[in-house]
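Written out below as structure tokens is the structure these notes cover.
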Amino acid sequence: MTLYAVGDIHGFSAQLDRALGLIDADGGPDAQIYFLGDYTDRGPDSRGVLDRLIAGRDAGRPWKFCKGNHDRMFQRFLEAEAENDDRIGSGKSWFHRALGGSRTLGSYGLDGEAQGFLMNGGVETLASYEVDGRSVSKAELARAARDAIPEAHRTFLEDLPLFHETDDLIFVHAGLRPGIPLHEQDEDDLLWIRKGWLESSADHGRLVIHGHTALDFPAHHGNRVNIDGGAGFGNPLVPVAIEGGSIFTLDEDGRTPLEPGR
4 MTLYAVGDIH GFSAQLDRAL GLIDADGGPD AQIYFLGDYT DRGPDSRGVL DRLIAGRDAG
64 RPWKFCKGNH DRMFQRFLEA EAENDDRIGS GKSWFHRALG GSRTLGSYGL DGEAQGFLMN
124 GGVETLASYE VDGRSVSKAE LARAARDAIP EAHRTFLEDL PLFHETDDLI FVHAGLRPGI
184 PLHEQDEDDL LWIRKGWLES SADHGRLVIH GHTALDFPAH HGNRVNIDGG AGFGNPLVPV
244 AIEGGSIFTL DEDGRTPLEP GR
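If you read the sequence shown in my numbering, its first letter stands for residue 4, the second for the next number, and so on.
This is the structure we're talking about:
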């Protein structure tokens, strides 16, 4: 059986449509697809991305979803007006342009941006925010967001699993802490890990398919395959097919083998 995986989409719904078309051409409409998270932020149409994923799920497509760190930041802002995460070493706010929270809210009709930030102990927080030419507080912005964002989208974000597994594969957003059993992994590591993971050559028992760390193109590292090809930074979204232990990238010309070390 061929499985498919899609890495970080980051609000680029047109790229998602293209990737789904490539998978459909390779495996048909009933293809089993694993989505690895970071559906939102940076791109112009986070709402459209979630609409497509939820519609596919509700239509009975055999799709499985993992939560990404950006999805959790979006969720936490809606739930608790949080704009920071302890795993962001720079202290940047979710509303900083590098993270893209403002573009996510804009896709729901809340067009605006931060007008300034305050720094407190190295942590950046909103000083002011403008929506449609009007200055609003963070609490006002959060209330407006909760009103604008469909309940189905909020429930989707809340219910996202942290990983999926098969006999031979582990699907997760960021990666694993080496040496720790899968079901004992820390949530923050599953969503954020880089140090201690990317440089590890440890055998994790199964091949790990992940995203989170943007590359210019998916890469096979032997014990893991990073399929975040940088769609959040303007690169094409590259889906992969997994069959018989082999990994293939998909484009309009079909399959290309993705070999370890390449």
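Every residue, glycine too, gets a C-beta built ideally from N, C-alpha and C.
Being a predicted model, the structure only gives us computed values, none of them experimental.
Quick one: using the 10 Å Cβ neighbour count with 16 as the cut-off for buried, is residue i buried or exposed?
i	result
Phe236	exposed
His215	buried
His186	exposed
Gln118	exposed
Lys198	exposed
Ser131	exposed
Asn72	buried
Met4	exposed
Ser105	buried
Pro164	exposed
Arg137	exposed
Ser140	exposed
Glu86	buried
Does the distance from the CB of residue i to the CB of residue j come in under 8 Å?
i	j	result
Leu240	Gly248	no
Arg45	Gly103	yes
Val9	Pro153	no
Leu201	Leu172	no
Glu133	Gly112	no
Leu261	Ile26	no
Val226	Leu218	The sequence given here places Asn at residue 226; Val does not occur at that position. Not closer than 8 Å, so no.
His213	Ala177	yes
Ala148	His13	no
Using the C-alpha atoms, what's the distance from residue j back to residue i?
i	j	result
Asp61	Arg157	15 Å
Arg267	Leu19	Absent from the model: residue 267. The displayed extent of the chain is 4 to 265, so no value can be given.
Pro184	Asp74	24 Å
Gly30	Ile245	11 Å
Phe38	Ser16	14 Å
Pro65	Ala205	31 Å
Leu129	Asp135	17 Å
Phe251	Thr259	5 Å
Trp97	Thr107	10 Å
Met122	Ser110	27 Å
Tyr42	Asn238	15 Å
Arg100	Glu143	20 Å
Asp54	Lys67	15 Å
Ala83	Glu161	13 Å
Ala34	Ala28	10 Å
Look up residue i in the DSSP assignment and give the residues it is bridged to.
i	result
Ser249	Glu246
Gln35	Leu6
Pro260	Phe251
Phe15	Answer is none; Phe15 lacks a bridge partner.
Ala222	Asn229
Arg137	Val134
Ile212	Phe174 and Val228
Phe68	Phe38
Could you pull the start and end residues of the alpha helix (DSSP H) that residue i belongs to?
i	result
Glu190	Glu190 to Trp195
Thr128	Looking at the DSSP string, Thr128 is not in any alpha helix (DSSP H); the run it does join, the beta strand (DSSP E), is Val126 to Val134.
Glu82	Asn72 to Ala83
Ser105	Gly104 to Gly109
Lys95	Run containing Lys95: none; DSSP gives neither H nor E here.
Leu160	Glu154 to Asp162
Looking at the unbroken beta strand (DSSP E) that takes in residue i, where does it start and where does it end?
i	result
Met122	Gly115 to Asn123
Gly51	From DSSP, Gly51 is part of no beta strand (DSSP E) but of the alpha helix (DSSP H) over Ser49 to Asp61.
Ile173	Leu172 to Val175
Arg227	Arg227 to Asn229
Glu168	Phe166 to Glu168
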